[in-house]
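Residue numbers (this note's numbering): 4 to 258.
Here a beta-carbon is modelled for each residue, glycine too, at the ideal position from N, C-alpha and C.
Being a predicted model, the structure only gives us computed values, none of them experimental.
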């Protein structure tokens, strides 16, 4: 009953089905019930054959969409290929190790930076507070010790004890007795002036300072020296001990 050929496409098949439907409706009025039933059966057969040819030629879109047996996606847009889901990659042992190493290096860098900054602030040297005070005190103490008047050592001893450790004060005063007797006989006096000083070593408990002194000695027994006296350049090495917030002389050597 159908005029469709073996090469008919989906659109042609639709036209044939529509024509068959019109012809079937016209003939149905003139046929007996048995003939109408036979006609409908023939029509169904023809439609199934046409669909079979379409599937063989173009494929079944429904089968392609759900060939994995899963339920159809209600949000899927017909004719659009769904993008494949990307799998999340798990971090491997090497990635974890590198991340851990980076974290350790970051912490180590921060610690080293802090220690370096702390060391810079606490660094000891001539420009530090301790260094500056050690230089100033060493110059003052050296000048004081070599400045004296005959027959007036009691005041000098008090000053020496005030700027020295007890041990040094006792040793120095005792060792100076013979020299003092000679100065008394010559009625000699001395005035010392510190010209320069330099740190040999420095810690929080001790400083060693080299001091350059100008010393002027006058004596009536030395008329050639005149009233201006004899000038001497003396260098002394002073060791200072830290006592609370001040420096005290713990040793003095003439160089």
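#### Entry: Nearest-angstrom Cα separation, counted from residue 228 out to residue 169
37 Å
#### Entry: Distance between residue 253 and residue 243 (C-alpha atoms, nearest Å)
5 Å
### Query
Would you report the Cα separation of residue 201 and residue 130, rounded to the nearest angstrom?
11 Å
#### Entry: Start and end residues, beta strand (DSSP E) containing residue 201
192-205
### Message
When you compare the CB positions of residue 225 and residue 239, do they come within less than 9 Å of one another, or not?
### Response
no
### Query
Nearest to residue 128 by CA position, among 164, 47 and 204, is which residue?
204
### Message
Whole angstroms are fine: how far does the CA of residue 208 sit from the CA of residue 186?
### Response
36 Å
### Query
Can residue 236 and residue 216 be called in contact, C-beta distance under 9 Å?
yes
### Three-state secondary structure assigned by DSSP to residue 215
strand
#### Entry: residue 196 versus residue 231: straight-line alpha-carbon distance, rounded
15 Å
### Within 9 Å, strictly: CB atoms of residue 144 and residue 241
yes
### Message
Among 182, 147, 160 and 188, whose alpha-carbon lies nearest the alpha-carbon of residue 173?
### Response
160
### Task
Report the rounded CA-to-CA distance for residue 294 versus residue 136, giving the unit in angstroms.
As shown, the chain starts at 4 and ends at 258. That puts residue 294 outside it, with no answer to give.
### Query
From which residue to which residue does the alpha helix (DSSP H) around residue 160 run?
156-165
### Task
For residue 148, count neighbouring Cβ atoms within 10 angstroms of its own Cβ and tell me buried if that reaches 16, exposed if not.
buried
### Query
Buried or exposed: which applies to residue 146, given that a residue is buried once 16 or more other Cβ atoms fall within 10 Å of its Cβ?
buried
### Message
My output table needs one value for residue 230: the three-state DSSP class, helix, strand or coil.
### Response
coil
### Task
Inspect the beta-carbon positions of residue 154 and residue 249 and report whether they are closer than 9 Å.
no
### Task
Count the other CB atoms, across all protein chains shown, that sit within 10 Å of the CB of residue 167; report buried if there are 16 or more and exposed otherwise.
buried
### Query
Contact check, residue 222 vs residue 182 under 8 Å by CB: the rounded distance?
With a Cβ gap of about 14 Å, residue 222 and residue 182 do not count as contacting.
### Message
Between which two residues does the alpha helix (DSSP H) holding residue 181 run?
### Response
180-189
### Task
Measure the alpha-carbon distance for residue 184 versus residue 156 and round it to whole angstroms.
11 Å
### Message
Could you tell me the alpha carbon to alpha carbon distance between residue 234 and residue 165, rounded to whole angstroms?
### Response
28 Å
### Query
Going along the chain, which residues of its own chain have a beta-carbon closer than 6 Å to the beta-carbon of residue 247, five neighbours each way excluded?
none
#### Entry: Delimiting residues of the beta strand (DSSP E) encompassing residue 253
249-257
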